[in-house]
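When you line the sequence shown up against this note's numbering, it's residues 294 to 796, in that order.
Each remark here refers to the structure printed beneath this line.
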Amino acid sequence: MRAIPDSRCGPGCWSRARAPNLSGGTWASTPTFRCRGWWNTAHGGKAPWTGRRTRQGAGAAGENPPQRRWARVLIRDPVHGDIYLTPVEADLLDAAEVQRLRGIKQTGTAYLIYPGCVHTRFDHSLGTLWLAKRILANLRHKGFRIDRDAETVVTAAALIHDVGHIPFGHTLEDEAGLFPRHDRARRLEAFLDGTDLARRLATHGLLDPVRALLSGRDHPDVRPWMRQVVTSTVDADMLDYLRRDAYFSGLGQRYDDRIFSYFIIHQDQLAVSLFKHQVERSDARSDVLTLLRLRYLLTERIYLHHTKVIAGAMLAKGVERLVAQGLKESDLYTWQDADLLAALRQADDPLPRRMADAVSRRRLLKRAYVLAPPHVDPAARRRLIDRYAGPRNAARRSALEAQLARELGLDEGDVIIHCPERSMFKEVKVLVTDRSGGLTPLDALDEPALSEARSLARRYGDLWRLYVLTPPEAAPRARELCREVLGVPSSYEPDDAAGSDAV
């Protein structure tokens, strides 16, 4: 980070920065307002809202930079370039609860497959803040009035939207179901009640509106469109993680920045303008579909990669044992990834120690038996989920694991059944304008050209997998045994002579 002085006020002022228009145009070189510090010194009061600039050039659509009024901190981000923070945002960034996110990897154990995936939720939080500013800047460019207080609430919420994440959160919450999701209101309250972050938010008058925005509660200062900038389907959160995860994984996929130019506020909702004068905008449709394709690609290649899932299942098995021995969800609220791994390694029980050591050394179990579509129809999948998924079925799952281990002559923990919930898969809930000028979800729009959006939504169900994991040498015998016990042949039949798995 580095502070940037405002030359109008001399070397002692660190209030804001002036920067060129990133779109290729230029902003008027003389600002129409002075910094907050100058005004307070000269007038003993609050700085007025005079943050308008005179534009002298036109850039490419969708590339208007966020206004940098009173920015005092500059952070260089590998994905978005320079990110400018206001004093309020910089203060929130220093909260202990936000800084904790530096130690929580954005994509969990994906670094075992993609070595570059060591970026953190702290990085993602900064990126989400910056893209929220870009969305607001483009809305202003289209003529929508967005006052300073509304922007401050939105950017503060964007910065802290992931503050409730626990280590390996998606693994332990979404895949294993050991804990409720990080974005539930109860989890958020724990981080906004008597914490360093809560005190800083309260100091700036942001605690109640930011809490309401992130929890979905009503508040007079929070409009629906403000919430949707941060917590809808196509929002600042998604726009950052798609670009960031693709960048650090090395997959080389990206969306076009023109997507920012399609956002509008209509009927107090944030929406994508898909029609103009009752004619479909094919460019807008294509860019929205590109986002949805990219999200599916990253889900398939990164988030549900079998090696990531296996490592996560092994960690979840160790944490499941710690939970049975008294570990509480709240214990994880101050932990980073390293703290969770340390707790597993230092456990009295040998099973958590073995799991942590195996993941750290990448000595992973392998896929011995797999059930997947189309070999498993939706009804059969539902029955398997009802029987084996989530903490409600932990006892039944453990009993089958123990039975398989005994018959295979393996130790406890050498057989793991991984059965994810159906609810972990994504729905297409993008609000768009229709031909009549109204609003409708994208997947409900009766347009033949948008059938791909509905097809993508259905394809998420095809990513569901039930895994039975064992050491590689036991995989062939385990496959036959699972076939006898479950009555269904494996969807995965590797050449065991060449090795039972590929990572």
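Note that CB positions come from ideal geometry on N, CA and C, so glycine has one too.
query                                                                                                                                                                             : result
Residues bridged to Q562 by DSSP?                                                                                                                                                 : H559
If contact is defined by three or more beta carbon pairs under 8 Å, each pair taking one atom from either stretch, is the stretch 652-663 in contact with the stretch 747-766?    : yes
Got a sec, what are the start and stop residues for the beta strand (DSSP E) I368 sits in?                                                                                        : V366 to D370
Kindly list the residues whose CB is nearer than 6 Å to the CB of T592, restricted to its own chain and excluding five residues on each side of it in sequence; keep chain order. : none
Measuring straight from C-alpha to C-alpha, what distance separates S566 and R551?                                                                                                : 12 Å
Determine whether the beta carbon atoms of G605 and G401 lie at a separation below 8 Å.                                                                                           : yes
Would you report the Cα separation of R479 and D486, rounded to the nearest angstrom?                                                                                             : 11 Å
Candidates L394, H497 and A491: which alpha carbon is nearest V381's?                                                                                                             : H497
Compare the beta carbon distance of R743 and R578 with 8 Å and say whether it is the shorter of the two.                                                                          : At residue 743 the sequence reads Leu, which differs from the Arg that was named. Yes, these two residues count as a Cβ contact at 8 Å.
Let me confirm a value: P741 is counted as buried when at least 16 other C-beta atoms fall within 10 Å, else exposed. Which label applies?                                        : exposed
Taking the alpha carbon of A771 as the point to measure from, which residue in D514, S554 and Y662 has its own alpha carbon closest?                                              : Y662
Rounded to a whole number of angstroms, what is the C-alpha to C-alpha distance between C410 and H417?                                                                            : 12 Å
What does the alpha-carbon distance come out to for the pair L664 and R614?                                                                                                       : 25 Å
Given this structure, state the Cα-to-Cα distance separating V372 from L507, to the nearest angstrom.                                                                             : 25 Å
Report the option in Y407, K426, F415 and A389 whose CA atom is closest to the CA atom of L378.                                                                                   : K426
Can you tell me whether L385 is buried or exposed, with buried defined as 16 or more other CB within 10 angstroms of its CB?                                                      : buried
Considering only the beta carbon of each residue, do R493 and A388 sit closer than 8 Å?                                                                                           : yes
According to DSSP, is Y785 helix, strand or coil?                                                                                                                                 : coil
Going by C-alpha distance, which of I459, A539 and H668 is nearest F472?                                                                                                          : I459
Kindly list the residues whose CB is nearer than 7 Å to the CB of Q562, restricted to its own chain and excluding five residues on each side of it in sequence; keep chain order. : P517, W518, Q521, L724 and L732
Any chance you could list the alpha helix (DSSP H) runs of at least 4 consecutive residues sitting entirely within the stretch 608-682, in chain order?                           : 630-638, 643-653 and 671-681
Whole angstroms are fine: how far does the CA of A687 sit from the CA of Y288?                                                                                                    : What is shown of the chain runs 294 to 796, which leaves residue 288 out entirely.
Quick check: what's the CA-CA separation for G462 versus D670?                                                                                                                    : 29 Å
How do the stretch 441-449 and the stretch 532-551 stand: do at least 3 beta-carbon pairs fall below 8 Å, yes or no?                                                              : no
When the Cα of G470 is compared with those of Q618, A746, A673 and V612, which residue comes out closest?                                                                         : V612
In chain order, what residues of the same chain lie with their CB nearer than 7 Å to the CB of Q629, ignoring the 5 residues before and after it?                                 : R393, G396, I397 and P460
CB V523 to CB H570, shorter than 8 Å?                                                                                                                                             : no
What three-state label does DSSP hand G605 in the structure shown?                                                                                                                : helix
Please state whether DSSP places E777 in a helix, a strand or coil.                                                                                                               : helix
Quick check on the DSSP output: the beta strand (DSSP E) that includes L485 runs from which residue to which?                                                                     : Premise fails: L485 is in no beta strand (DSSP E) and is neither H nor E.
How about A449 and L499: do their beta carbons lie closer than 8 Å?                                                                                                               : yes
Going by beta-carbon coordinates alone, are T726 and F568 separated by less than 8 Å?                                                                                             : yes
May I have the straight-line CA-CA distance separating R654 from R690, to the nearest angstrom?                                                                                   : 26 Å
For I709, which residues does DSSP report across the bridge?                                                                                                                      : L762
So, using beta-carbon positions, are A842 and L735 closer together than 8 Å?                                                                                                      : Since the first and last residues shown for the chain are 294 and 796, residue 842 lies out of range.
Pull up the distance between the alpha-carbon of A750 and that of P666, whole angstroms please.                                                                                   : 15 Å
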